[in-house]
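Just below is one structure, and these are the notes that go with it.
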């Protein structure tokens, strides 16, 4: 199986970059939830290309159409399906890559797995375009969670190793100018998540957030709280002591990132992900010809984002919301 | 749900630190697999306390007994259950923590989730002791994978920020002397994993390995390939070019850590995890009294590991083997 | 959760009778399977209304469009989504039933479950129309199984208690004439299913076929082999003795219906289902007004099938194929 | 997969007739539920052999031991595991059947599936003995449901086609006397199940009850409400009209058996199952020798129940409780 997520909701994502459409089905949404479609469009707009200065020029008017699951703007209890039609499918400019796997794309591993039957146009089901339906589902979960007081928000921590806006802009522009790309680090903070969500062992919040987040192409690492830094600390430095803040139990520090034993502690959930530089670059790269078994070279044509870190922000929020909402539904069973 | 893992095998882990027993049920093992019990004991021995100089003195003779699923040493197709009996259950020395959550343990979050009914003795189901049944299951998967040519092996990359054996030993001894603890980083390498295992999106190898690994208490981060380092690189630096190595397609570098689009590329799978310093330390720490709602202090009694990084090595191997074996079973369906 | 089926394939059905579309996503189909679309249309045609003399006049041109999962007519390994657009949505003639649950429909139980937010038009997600996407998925599984030599075929055993074609026709016509409806019994036979498919306990073929078949509205019973008749027999009468038929092991009788211990025996799989008379009838019926809490009456308007037994034949085949194909995929993991 | 049930609870059953133990793990029980162990023993006593005049003489002192999940008699939120040790394992009197599959047992289909590695002693994982852990889990669910006002109770409708106690006794005694066996029909009634439990399509109550019930060996059919009888009725006869009974909405008749569209209607849930005659009989039967491929004969030695219908009553209650409790937990998420 591949493209279904969740224990208490089931989010099923389908489509390829150049199939007639891409979409998502969400099974398990309670009935009676009002969806603010305009707000959802704004959320999706943050992911859309062409909305920030660093993104690709491919026009994606990614307004989802709801084919099921809504009645008069409210969820009706039936599975909700949203679809985004692909307008510019099967362009000729992807034929080049058919037998020349692009370095650090999924072209080669997909070729082996699907024995040549994979849809290679635009990366097929592996395309970053598939984060659009993820954001449709996640945007809905974010609305529901917001109604319960939970906010989830991502910010860019660094791009190309730079942390100031000025230097980031310069690094991205320099990469674009030479046909190259840059990566970055995103931090996600979920506030007001009630204590007690998540589970021990395999369905802990860290497990489930990770499982969701690695669905976003280009993410290669995740760390919670102070993450890898904790490995250099002593327990006496890293432990978060409890104290009473009025009637509330809090920790003075939040090295644990709001999750202990897989379960939310009531402190802010904090995690960071590493986004690798977009593998599509305009420079010549060495690869092999899968048909002839010979070494060759590829220049990935078309216009590509020199930096997808900014567009990835809502995607990470969506993934986090999906995991946290699933845990919130689970908690209702335990009362 | 919490303690069940897998799509094609189901690994169900149960037990508490001081319940009569802990154990694991593995459903979905093909029939006819020979289990080398002696080899499994040796694998479990690497996890057991008292086997290295840094570990706790609690005697855990963790020889699993197989209650089902085996006939004459071979798997018989029925669910396999292994049990490890707990000998020294419910000691008085845990009463102290009943209403005083230990900093950076799961005591508090479990208390909220289970509304006071959780088994607090020794951390209950959240205890590091539950990695023993994980290693039973994982040890079996490792044997099966080894029979298919796959090897999975972990190594310590650093402890307390130190990388040389001498300095690591000094850091651990210093921590022990002052009643403190230290964390570290573990690297796991899986070799000879065939290309084509794993899935796009949510059941990718990165997703599934992460979901497994975060079941090990104390792990707070994971990164694949060059991980967080990739965020500072350009695409032209980070991309792994393909070339023909005789008849085999390989990449010159392995920044991607053997996984592209969630699917193995045939290169070694490489990931690192951050292990936080053991939260149980012998120093006084501030906490709250859950009954009275007052600030108080706790000194965690008993003898505790100043460093669990070494004992965690087989646990991470077990978790990785579980994820990779699940993907290997999945791949059989696709042929 | 509700509308997702399967362990090794995942079939996710969505849509409401009068939502913009209905559809199905199949996740887990191996890549490289050729879909014969014309053959699929013919299969769907057997379910479509207006194709036999007893069915409703609502025009349903149920040609599915494939939005994803296919490339050049072959499955590509990505989730396959097929959609059927609803053309005549939200007619005024359903307003009547909004607060008057139709006897023996899901109107009332859905109203309670979804607290008034359900899509009541045409039965919403509970409509028999949702068997169209089931047949799309099942039709594909039937093609795959046929390629492996397995045939699955249903036949009408009785309608309104009658077994001859002549009397059945008379019974249906009489029911139609007086605005009433009739039920019937369908027998399904799956031939050449290899021995060894299915599992003990909960994922046995009987369990999984039942789970699939009860998704078809109006089915109220299922029995395997000689079914309820076996309850009146002695073991010596009911047991199926084995014998060698050339090199093959067979049973002389097939009272067990091809399934022993949840696992196929190599004999034909035989089961029967009871189809209740269509609850939509043209006669006045007593019901309650959900808004006022008063007793009232309802006459279900529109033209309705007096007998859906014939149209249900491909639906039962589809459900059986789904269960058997899932078991066939599972068996590949065990080799 | 095979022996795991449930969406909101996960019930994992393991063990073989002659393995060291059999048992069950229940993952997902809310914390804080008091288990009445004495009451559970009484419930299990109804299933135990030797407790009624028709059952086998094999002594099974099936008192489960709880290895995890309980603290001071209450569930603690961790997975609950109960084990029943097998005392008289691997008797010589099963060697006979090793290569001679018993007619209408799972011996042959298991042999094919597990390629000769199955545990054939006493039927292994397919043994009726595995209903003991099912009853442990089900007995707990019954207690929880009872606390919520729901009662589930089975009764024998017929044995060997007879319905009076006197004739049933005579039929069973006659079967015993000649080394034969008889089957029967069981009716299960679940009262006070609130309206609104269950789901459309695949997770409907009929689907989920069927999936649970067919795990009990010997069950070959299930029907809800008036079941197969409905197939001979007109809609006007079969439809259950609604009326106000004080403030409550009820149906005058209950042909639908308390389930409409997969969802409980608030009326009693009623279903019947067909229990085939015990396949183990003392008479000579024809079979094949799996080693030599020759026709041969088998006489199943040992003492066997001439009628398991009475012992199956609590098993069916357990299966129904498991399905209904799972649906009850699901409903909590929807509020």
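Chains as they are written, first to last, in my numbering: chain A, 1023 to 1357; chain B, 1023 to 1357; chain C, 1023 to 1357; chain D, 1023 to 1357. All residues carry an ideal CB built from backbone N, CA and C; glycine is no exception. Note that the coordinates shown come from a computational prediction; the quantities given were computed from them, not determined experimentally.
Residue i versus residue j - alpha carbon distance
i, j, result
"residue 1144 (chain D)", "residue 1033 (chain B)", "26 Å"
"residue 1275 (chain C)", "residue 1147 (chain C)", "41 Å"
"residue 1351 (chain D)", "residue 1250 (chain A)", "38 Å"
"residue 1036 (chain D)", "residue 1241 (chain D)", "20 Å"
"residue 1253 (chain B)", "residue 1180 (chain A)", "8 Å"
"residue 1042 (chain B)", "residue 1095 (chain D)", "14 Å"
"residue 1349 (chain C)", "residue 1049 (chain B)", "15 Å"
"residue 1278 (chain A)", "residue 1357 (chain A)", "26 Å"
"residue 1138 (chain D)", "residue 1294 (chain D)", "36 Å"
"residue 1340 (chain D)", "residue 1059 (chain D)", "16 Å"
"residue 1128 (chain B)", "residue 1246 (chain B)", "27 Å"
"residue 1189 (chain A)", "residue 1183 (chain A)", "9 Å"
"residue 1267 (chain A)", "residue 1258 (chain A)", "21 Å"
"residue 1054 (chain B)", "residue 1353 (chain C)", "14 Å"
"residue 1166 (chain D)", "residue 1031 (chain D)", "13 Å"
"residue 1284 (chain C)", "residue 1286 (chain D)", "28 Å"
"residue 1119 (chain B)", "residue 1168 (chain A)", "35 Å"
"residue 1172 (chain B)", "residue 1243 (chain B)", "25 Å"
"residue 1256 (chain B)", "residue 1136 (chain C)", "52 Å"
Beta-carbon neighbours of residue i, restricted to chain B and to distances below 9 Å
i, result
"residue 1357 (chain C)", "1052, 1354"
Supposed close pair residue i, residue j - CB separation, criterion 8 Å
i, j, result
"residue 1126 (chain A)", "residue 1260 (chain B)", "7 Å"
"residue 1154 (chain C)", "residue 1069 (chain C)", "7 Å"
"residue 1226 (chain C)", "residue 1236 (chain D)", "6 Å"
"residue 1210 (chain A)", "residue 1176 (chain A)", "5 Å"
"residue 1264 (chain A)", "residue 1299 (chain B)", "Actually they do not touch by this definition, with Cβ atoms about 18 Å apart."
"residue 1309 (chain D)", "residue 1321 (chain D)", "Actually they do not touch by this definition, with Cβ atoms about 10 Å apart."
"residue 1328 (chain B)", "residue 1203 (chain B)", "5 Å"
Interface residues of chain C facing residue i [CB-CB closer than 7 Å]
i, result
"residue 1089 (chain B)", "Simply none; closest approach about 17 Å."
"residue 1228 (chain D)", "1236"
Residues that DSSP places opposite residue i in a beta bridge
i, result
"residue 1256 (chain B)", "A:1204"
"residue 1107 (chain D)", "D:1043"
"residue 1265 (chain D)", "D:1272"
"residue 1180 (chain B)", "B:1207"
"residue 1027 (chain D)", "D:1033"
"residue 1087 (chain D)", "D:1105"
8 Å Cβ cut-off: residues of chain A touching residue i
i, result
"residue 1351 (chain D)", "1355"
"residue 1270 (chain C)", "Within chain A, no residue comes near residue 1270 (chain C); the closest Cβ sits about 33 Å away, beyond 8 Å."
Test: residue i CB closer than 9 Å to a CB of chain E
i, result
"residue 1336 (chain A)", "Chain labels in this structure do not include chain E; the protein chains are A, B, C and D."
Closer than 8 Å at the beta carbon, the chain D residues around residue i
i, result
"residue 1128 (chain C)", "1222, 1282, 1283, 1284, 1285"
"residue 1045 (chain B)", "1089, 1090, 1103"
Proximal chain B residues relative to residue i, where beta-carbon distance stays under 7 Å
i, result
"residue 1265 (chain A)", "1308, 1310, 1317"
Neighbouring residues, chain A, relative to residue i (Cβ below 7 Å)
i, result
"residue 1239 (chain C)", "Result: empty, since nearest Cβ-Cβ is about 14 Å, beyond 7 Å."
By the 7 Å beta-carbon criterion, what residues does the segment 1025-1040 of chain C contribute toward chain B? So the close ones are 1030.
Got a sec: which bits of the segment 1286-1313 of chain B sit with their beta carbon under 7 Å from any beta carbon on chain A, in order along the chain? Hits within the stretch, in order: 1286, 1287, 1296, 1297, 1298, 1299, 1300, 1301, 1303, 1305, 1307, 1308, 1309, 1310.
Between the segment 1243-1254 of chain A and chain B, which residues of the former have a C-beta closer than 9 Å to a C-beta of the latter? Residues 1243, 1244, 1245, 1246, 1247, 1248, 1249, 1250, 1251, 1252, 1253, 1254.
Using a Cβ-Cβ cut-off of less than 7 Å, give me the residues of the segment 1194-1216 of chain D that come near chain C, in sequence order. Answer set for the segment 1194-1216 of chain D: 1197, 1202, 1203, 1204, 1205, 1206, 1207.
When Cβ atoms are compared, which residues of the segment 1143-1157 of chain C fall closer than 7 Å to chain A? So the list reads 1146, 1147, given in the order they occur along the chain.
With 9 Å as the limit, tell me which residues of the segment 1153-1185 of chain A have their beta carbon closer than that to any beta carbon of chain B; keep them in chain order. For the segment 1153-1185 of chain A, the set of positions with a beta-carbon nearer than 9 Å to some beta-carbon of chain B reads 1156, 1179, 1180, 1181, 1182, 1183, 1184 in chain order.
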